[in-house]
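> Chains as they are written, first to last, in my numbering: chain A, -3 to 320; chain B, 87 to 614.
Ideal placement from N, C-alpha and C gives every residue a C-beta, glycine not left out.
Since the structure is predicted, the reported quantities are computational estimates derived from the model, not experimental observations.
#1: Grouping DSSP H, G and I as helix and E and B as strand, with all else coil, what is residue 613(B)?
#2: Taking only the alpha-carbon atoms, compute the straight-line gap between residue 529(B) and residue 209(A) and give it to the nearest angstrom.
#3: Candidates 544(B), 523(B) and 587(B): which alpha carbon is nearest residue 2(A)'s?
#4: Kindly indicate which residue of 138(A), 198(A), 44(A) and 107(A) has the alpha-carbon position closest to the one of residue 64(A).
#5: List, from N- to C-terminal side, the alpha helix (DSSP H) runs of 4 residues or more that fit wholly inside the region 252 to 280 of chain A.
#6: In this structure, what does DSSP give as the bridge partners for residue 428(B)?
#7: Buried or exposed, going by whether 16 or more other CB atoms sit within 10 Å of the CB of residue 614(B)?
#8: Would residue 506(B) count as contacting chain A if we go by Cβ distances under 8 Å?
#9: Taking 8 Å as the threshold (beta carbon to beta carbon), is residue 502(B) in contact with chain A?
#10: Whole angstroms are fine: how far does the CA of residue 461(B) sit from the CA of residue 603(B)?
#11: When every heavy atom of the ligand SAH is checked, does at least one fall within less than 7 Å of the C-beta of residue 199(B)?
#12: Along the chain, where does the beta strand (DSSP E) containing residue 258(B) start, and where does it finish?
#13: Give a yes or no on whether 8 Å exceeds the smallest Cβ distance from residue 279(A) to chain B.
#14: Does residue 612(B) have its Cβ less than 8 Å from a Cβ in chain A?
#15: Residues of chain A with CB under 7 Å from residue 566(B), in chain order?
#16: Could you work out which residues of chain B lie near residue 168(A), taking near to mean beta carbons separated by less than 7 Å?
#17: From the DSSP output, in three-state form, read off residue 510(B) for me.
#18: So who's on the other strand from residue 338(B), going by DSSP bridges?
#19: What's the C-alpha gap between residue 301(B) and residue 206(B)?
#20: Quick one: is residue 122(A) near chain B, going by C-beta distance under 8 Å?
#21: How about residue 284(B) and residue 322(B): are their beta carbons less than 8 Å apart?
#22: So that I know if they touch, is there some Cβ in chain B lying closer than 8 Å to that of residue 2(A)?
#23: Spatial neighbours of residue 247(A) within its chain, please: CB distance less than 7 Å, with the 5 preceding and 5 following residues excluded, ordered by chain position.
#24: Please classify residue 99(B) as buried or exposed, where buried requires at least 16 neighbouring CB atoms within 10 angstroms.
#25: Using the Cβ count rule (16 or more neighbours within 10 Å means buried), how would you classify residue 154(A)?
#26: Which full runs of the beta strand (DSSP E) of 3+ residues lie inside the region 208 to 276 of chain B, going along the chain?
#27: Give a yes or no on whether the C-beta atoms belonging to residue 573(B) and residue 96(B) are separated by under 8 Å.
#28: Please determine if the region 533 to 543 of chain B and the region 198 to 216 of chain A are in contact, where contact requires at least 3 C-beta pairs separated by less than 8 Å.
#29: Could you round the C-beta distance between residue 241(B) and residue 117(A) to whole angstroms and report it? I think they count as a contact, below 8 Å.
#30: Mind listing the chain B neighbours of residue 71(A)? Cutoff is C-beta to C-beta under 7 Å, in chain order.
#31: Can you find the residues in the same chain that come closer than 8 Å, C-beta to C-beta, to residue 403(B), ignoring five residues on each side of it along the sequence?
#32: On the three-state DSSP scale, how would you describe residue 55(A)?
#33: If I follow the unbroken beta strand (DSSP E) through residue 92(A), where does it start and stop?
#34: If residue 474(B) and residue 101(B) are in contact, beta carbons under 8 Å, what's the gap, nearest whole angstrom?
#35: Flag residue 173(A) as yes if its beta-carbon sits less than 8 Å from any beta-carbon of chain B, otherwise no.
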């Protein structure tokens, strides 16, 4: 089966680069706007607090639970929502307790007594100090991996490639964060993992397109960057689409059947896969163009490099022959 | 079939390695190295504790005060105002001539403490090094004590370890009910501070009208009874002996009532102190105090030798069992506090396993079918690599006895998607070359060459992100980055080297007239 024919015409992506660029800028500004107005909804991992998962036999009496909690001085601000099904609820509160012996879950169990047959299935409690620590660690992880990746791509390609790929990456991460803010999803440790996966995934895609452009610079006769980019992107189009589709479907199954705990995680990834695919085609490559990347310069550099290698080899050969 | 080449041989052994070493995990056999399920999958209690080290410092300063007092009195030095103020022991000498004597004593017996001196007044405090040492000791002692308690409790494989410099990580898998969890938490938190204290019989009948401050003036403390609400005892605040002289504690039962009690044995020194005290105090009461609650306060009828003592009181059998464990493992020098707690019931863990397994299987099957339909035999080759990849991940994790968490499962699901990417890139390259009219051999060799740099660079960048995540992440994140890292490395072996070997091996079979079957494409017209 072939969806993309081999002799498909080259798609003029770069001719529309400006329009697409404006669209991207709009999306990013919209996301930034959401982040600044609505803000991220930090879950307990980063903000501290307690989440208690309670499963009832039969439908959960959610109104009754809310009523019982409202009557309690300490837990009157707790929020109660359904969790995955009608039988299960999640109680979220800012309260944490340092006491090992009797903690929030024990108190809640006491409060809910008489509201029906229930089982406390899970308790997550993170103290505020730990939350801060986790947030710092998360940011550190993000920064360090970006720096590491920047260095690697600069070394393997050229600084403009590195800069363009990191800009595409920021674009993706910003939009993913914007989606999290829009739907007010609890940002917890698994979400951080998802964001970092997007980081890797987006780069993965961009690197593969850039690899083709690097190859195109050597093999395609044209010295016009936009033509080289168009042809390279067209050549990778089938791979980009296929991989994105398989990944998308895998993540989609995770989202649909992977359980409530992985919902936020897989949602973030879904957004990331879509945006990452888009940016590797429509964001990273135009940036390369706008950064005044010059093909002839790159070719000269490559040629100089090749010449140096050759000379070295010649010297070595001469040395081995004993002429030096 | 073609000649066996080194690539296909390596791939074959990698596959074999994967299958063999993942067998213990897949069959859950008794022997062999296995993957352990994380607490989020098998259920259990995870806690990050901190130690209130300031309490350890306080009691260190207090005991410093006691020994200074004892030494001064022993040397018959007259002093005034000996007290603890702002974490320092302060006192004033009354006689100038004692200064040199005190200085000499401080230099000899208390040389690890810092001294501030102004004429006749002395301030003695802990040096920063000693403070740090005391704090560290309190943490290390808490780790050991909690570990001992949990080991004695009899649950499978609890983990107690120091995390960082100040925190203690406690992980207890296999807890079945909320009641059990609470029992374990109570056991961890129990100070288990045992004291034998004499009742101040001269003032005992005035205890209900007395305030704490008044009691303190007489050198007494007021402590409540553990079972009878409202009952209080007036006790001399300096205990006869404490739990540090205890050698064993066991659960027993009262002869008549069959009520549980705790028998404990004292060491030689403790037994002697106890015997001497009981001999002197016949007719008076002695209280057994645990964590500032009086469990029993019987009349002393006669001298008790042998160092065997009992605590009776309102125990259930379970409580007696837990208290005995706490006593045997010793007291906590300083109380512990919860910084982070994650508790997963067994049913929630089972649900998570089920959900993520379904996702994994579904995702896998989908990718499998898709690859076969789209690429024909080339897709089958890729699927072989995918299966090998999965086994390799399991095998490597089993060998390291790594922990599989829910995010780790998600990592495996994701790796399936990403591992297939390498083969998509390779197959697209091969197709391209075939379309250009190259021979099959050349298309395959050239295709792998062309695809290699892209796959390599893409994998290295993802690996950089995963490794950083592993180094900086905690708990769930670590599991995720671990499976991703192993998955990427395994995919280099299976998806690149392995499939290449398979093609080379199959090469003589590949019919250039059946490109549709082998690579899923129709040959161009006029292809060579």
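Quick look at the numbers:
#1: Because the pLDDT of residue 613(B) is 44, which lies under 50, any placement of that residue in the model is unreliable, and the number read from its coordinates should be weighed accordingly. Residue 613(B) falls in the coil class under three-state DSSP.
#2: Taking the Cα positions, residue 529(B) is about 21 Å away from residue 209(A).
#3: The shortest C-alpha separation from residue 2(A) is found at 523(B).
#4: The shortest Cα separation from residue 64(A) among 138(A), 198(A), 44(A) and 107(A) belongs to 107(A).
#5: Entirely contained in the region 252 to 280 of chain A, the alpha helix (DSSP H) runs reaching 4 residues are, in chain order, 259 to 278.
#6: Under DSSP, residue 428(B) takes part in a beta bridge, and its partners are 120(A) and 132(B).
#7: Any answer about residue 614(B) is weak, because its pLDDT of 40 lies below 50 and its placement is not dependable; what the coordinates show is given next. Exposed.
#8: So yes, residue 506(B) belongs to the interface.
#9: Residue 502(B) counts as touching chain A.
#10: Computed Cα separation, rounded: 8 Å.
#11: Summarising the ligand content, the structure contains no ligands, and the ligand SAH is consequently not present.
#12: From DSSP, the beta strand (DSSP E) with residue 258(B) extends over 253 to 259.
#13: No, its Cβ sits nowhere closer than 8 Å to a Cβ of chain B.
#14: A caution first: residue 612(B) carries a pLDDT of 45, below 50, which makes its placement in the model unreliable, though a value can still be read off. Chain A, which has no Cβ nearer than 8 Å to the Cβ of residue 612(B), makes this no.
#15: The answer, in chain order, is 189.
#16: In chain B, no part has a C-beta under 7 Å from the C-beta of residue 168(A); the shortest such distance is about 13 Å.
#17: Residue state, collapsed to three classes: helix.
#18: 347(B).
#19: Put simply, the backbone Cα of residue 301(B) is about 31 Å away from that of residue 206(B).
#20: Yes, because at least one Cβ of chain B sits closer than 8 Å to the Cβ of residue 122(A).
#21: Yes, the Cβ-Cβ distance between residue 284(B) and residue 322(B) is below 8 Å.
#22: Yes, its Cβ sits closer than 8 Å to a Cβ of chain B.
#23: Contacts found: 262, 265, 266 and 269.
#24: Counting Cβ neighbours within 10 Å, residue 99(B) comes out exposed, since fewer than 16 surround it.
#25: Looking at its Cβ environment, which holds 16 or more other Cβ atoms inside 10 Å, residue 154(A) is buried.
#26: Given a length threshold of 3 residues, each whole run of the beta strand (DSSP E) inside the region 208 to 276 of chain B is given here in chain order: 245 to 249 and 253 to 259.
#27: The answer is no: Cβ separation not under 8 Å.
#28: These segments touch.
#29: That pair is no contact at about 19 Å.
#30: Within chain B, no C-beta atom comes nearer than 7 Å to that of residue 71(A); the closest sits roughly 17 Å away.
#31: Result list for residue 403(B): 337 and 346, in chain order.
#32: Three-state DSSP puts residue 55(A) in coil, outside helix and strand.
#33: Run containing residue 92(A): none; DSSP gives neither H nor E here.
#34: Rounded to whole angstroms, the Cβ separation of residue 474(B) and residue 101(B) is 5 Å, and the two are in contact under 8 Å.
#35: Judged by the 8 Å Cβ criterion, residue 173(A) is not in contact with chain B.
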